[in-house]
Amino acid sequence: MTTITPSRPTARPARAGFAHLLHAEWTKCRTVRGWVIAVLVAVLATVLLGLFQGSHSHVAPCTTGPACRYVIPTGPGGEAVTGTFYFVHRPLTGDGSITAEVTSLTEVTESSQTLNEQPVSTKPAVAVPWSKAGLIITAGAGQGSAYAAVLATGSHGTRMQWNYTGDTPGLAGRVSSASPRWLRLTRAGDVITGYDSADGTNWTTIGTITLPRLAPTVQAGLFATSPGYAQQTSQQVTGASATAAPTDATATFDRVGLHGGWPGSSWTGTWVNGGPDSPYVTGHESGYRQAGGAFTVTGSGDIAPDVTDGVPIDVLLAGLFIALVAVLVVGAQFMTGEYRRGLIRVTLAASPRRGRVLAAKAIVLGAVTFAAGVAGSAAAVLIGIPLLRASGNPVYPATALTEVRVIAGTAALTAVFAVFALAAGAILRHGAGAVTVALTAVILPYLLTAAIPVLPAGAADWVLRVTPAAGFAIRQVIPAYPQVAVSYTPFNGYFPLAPWAGFAVTCAWAALALALAAYLLRRRDA
Amino acid sequence: MRESLHAEWTKLRTLASTFWLLLAATGMIRLTLTATPRRLTVLAAKAAVLTSLVLVTGAIAVFASLLAGGLILPGHGIGPSHGYPAISPANGAVLRAAYGSVLYLALIALLSLGAATALREAAAAIGAVLGLLYVLPIIAVFSGNATLSRHLEQIAPMTAGLAIQATTGLSSLPISPWAGLGVLAAWAAGSLVLGGMLLRSRDA
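Residue numbers (the numbering used here), protein chains in the order written: chain S, 1 to 526; chain L, 527 to 730.
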């Protein structure tokens, strides 16, 4: 007796079926000439506008000449920093501490006017929230040196700050003779501890930080500094106007006391990185007076992260806007093209599981637009940076990680937007409608907030938190620091969400649209 | 021509989406061209209907904006008491800006019609027109060269055309208001001519 095995085609594994689906979608994608041209236009627009930008940019106050070719100093963490202040110092060898009572901190702005055709310098008092005066231990005199300080501020209480970005609050309230602030800074090896006190008896630790490999002898003492005063006076569709002027801070220190290794016998006053040769806009009257243990110190500048100088590398992605228009059109048509020509019936007959068709389309489209995005933005950024430098622009320092985020993040954002347009196409089944929806959801919020300041800053922040345009945060290069008073608005290049958080909002929109598209695709007739 | 106009108007008013997008490119073109074999007549009819529709809706929108602006802006520091011209039709510049804005919208619609006719695909036409409108201003903003950016703003359809809306600082404009609108009109005419030539030479 023989057993006959019935000939039965083995069912193809699901995975191979999906691979075929992907291959089918890839074939559709690469054989439509218009789409290939559109993707190439997107890449070319990104690259060419990036190169154009790199070779034509000029930082506003710096048009020609070698004076502009300064390099923006970086701090121990690699971020751009400013270290300009008046420093009354002496060497500290080994361990030791310095204590002082700050009894006043006042600021004036240096506004120059003309009277009878003669320049007259007036110095009205002004409130500078982040004027700083206190005690500091620095590893060196150069910009970007490691440091730790305890300080009184204009309107943010006493604080401990270190290495430009570190910032911890101490006692609140403004310094006055009726309400002085006692400050103390101690060094034990690499460890610096900051204290404050309202009465000189009851001390509170603000913070303890480590400055690795701190030299045995460092400079320590009193400092005062005050950043430029800027106020936005109006905002219109045509742009924002602001008034700005350098400011000076004057602080009075009383009962300055030293303990430990202070080998010198006298104090030295230095305007660190200030003066007429400084690339920074600072006041003119810095200096100090000493009477016994009491000091009056006047300084101008800032010890903080620098967010206002230099060209951030994301300006090289000026072509992204044009690229996005092309990519959104391709994304929408990748789906609506099927409806327009009735191909969808063939597609769905060949692969009855409709959700998988949509998934295959999303994967192919996402991969193609991501690859195009990486090619375009990598070329624009990596070739654009040397071009920027060659045309005399100080480039805002960005770590390699930030460069990767800007390049790959922009490409990923392009891909997610394309998938969003694809989903819009599947929902609306009409090319023009889907493109309009995608453009309105993606580019319109960006235009109304970051490109042209039509909306007030508060409303603009909300728009960029909740709309698909939130993802543009992925290309932000200059971080927003609470301890630097700058107008952090979308128009000035600051997005309300952190880069990856904004990107997540865009992804959520794309996922939502894709889910709705899958639901409708299954439910509706083709 | 009259029948063509009526046919186009019927298509326009019965297609809800077109009403908003002002751009239609569906398989209907074969039917249309069978009914009216003279293709340029079809394009002219489309242009005429589209222009009238945009002129009417544009006039309503611009009038509403003027009314709102006249009521709201003086309370926010932009008004005659602050040295700004009054927002009223009595002001010649404001009147010109109002008329001009309506014409600007109509010309943009004609530019889009030409692009849609040439590309035969509404979605692609939207992309192409948006790209055309924005690419030159973007280059102008970033060029860092005042002469180059001024020339770009003189020839770009959007920046030149929008000069018609200026009521103050006319001397600092890259191009005078009516000349700017003329530049946009040239772009629209060029796009329609290209669309018409392709419409005549290609299969439907």
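Where a beta carbon is used, it is the ideal one built from N, C-alpha and C, also for glycine. The structure presented is a predicted model; accordingly, all values stated were derived computationally and were not measured.
Does Y494(S) come out as helix, strand or coil in the three-state DSSP assignment? Correct three-state label for Y494(S): coil.
How far does the beta strand (DSSP E) with W162(S) in it extend, from its first residue to its last? 158-162
Would you say I652(L) faces chain S, with C-beta separation under 9 Å as the test? Yes, its Cβ sits closer than 9 Å to a Cβ of chain S.
Closest Cα partner of L639(L) within the set V719(L), R726(L), R728(L), D729(L): Checked all of V719(L), R726(L), R728(L), D729(L); the closest Cα to L639(L) is V719(L).
Under 8 Å by beta carbon: chain S residues contacting E647(L): Counting only Cβ-Cβ distances below 8 Å, E647(L) has contacts in chain S at G34, Q333, G431, in chain order.
Alpha carbon to alpha carbon, how far is G433(S) from E338(S)? Across the structure, G433(S) and E338(S) are spaced so that their CA atoms are roughly 15 Å apart.
Does the count of Cβ pairs from the segment 324-336 of chain S and the segment 359-368 of chain S closer than 8 Å reach three? The segment 324-336 of chain S and the segment 359-368 of chain S touch, with no fewer than 3 CB-CB distances between them shorter than 8 Å.
List the residues of chain L that I192(S) touches, going by C-beta distances under 8 Å, in chain order. Within chain L, no residue comes near I192(S); the closest Cβ sits about 44 Å away, beyond 8 Å.
Distance check for V454(S) and P482(S), CA to CA, integer angstroms please. 25 Å
Let me know the secondary structure DSSP gives V128(S) once reduced to three states. Residue state, collapsed to three classes: coil.
Would L537(S) pass as a contact of G134(S) if the rule is Cβ separation under 9 Å? Within the shown structure, residues of chain S are numbered from 1 to 526, placing residue 537(S) beyond reach of any answer.
Amino acids of chain S, ordered along the chain, whose beta-carbon sits closer than 7 Å to that of N671(L): H56
For the putative contact between A438(S) and A424(S), defined by C-beta atoms under 8 Å, what is the C-beta separation to the nearest angstrom? 5 Å
Sorted by chain position, which residues of the same chain lie with C-beta nearer than 6 Å to S131(S)'s C-beta, five sequence neighbours on each side aside? Closer than 6 Å at the Cβ level, and outside the excluded window around S131(S), lie E107, G154, S226, A249.
Under the rule that 16 or more other beta-carbon atoms within 10 Å means buried, what is M160(S), buried or exposed? Buried, by the Cβ-count rule.
Under DSSP, the alpha helix (DSSP H) around S627(L) begins and ends at which residues? 618-645
Based on the DSSP secondary-structure assignment, which residues constitute the bridge partners of F295(S)? Per DSSP, F253(S), Q290(S).
Closer than 9 Å to chain S by CB, L696(L): no
Using the C-alpha atoms, what's the distance from A411(S) back to V466(S)? 21 Å
F472(S) - containing alpha helix (DSSP H), residue span: First-last for F472(S): undefined, no H or E at that position.
Members of the segment 465-481 of chain S near chain L, C-beta cut-off 8 Å: none
Quick check: the Cα distance between P91(S) and P479(S), rounded to an integer number of angstroms? 34 Å
Since I believe P397(S) is in contact with G78(S) (beta carbons under 8 Å), could you give me their beta-carbon distance rounded to a whole number of angstroms? 7 Å
With 16 other CB atoms within 10 Å as the buried threshold, where does F589(L) fall? That one is exposed.
With 9 Å as the threshold, decide whether the Cβ of I634(L) is near any Cβ in chain S. no
Could you name the residues of chain L that V435(S) contacts, counting a contact when the two beta carbons are closer than 7 Å? Neighbours of V435(S) on chain L, chain order: A649, I652, G653.
Close-in-space but distant-in-sequence residues of the same chain around H430(S) (CB under 7 Å, 5 per side omitted): T336
Could you have a look at G458(S) and say whether DSSP puts it in helix, strand or coil? helix
Any contact between the segment 373-390 of chain S and the segment 46-56 of chain S? By contact I mean 3 or more CB pairs, one from each, below 8 Å. yes
For P700(L), report the span of its alpha helix (DSSP H) as first-last. No alpha helix (DSSP H) contains P700(L), which DSSP labels as neither H nor E.
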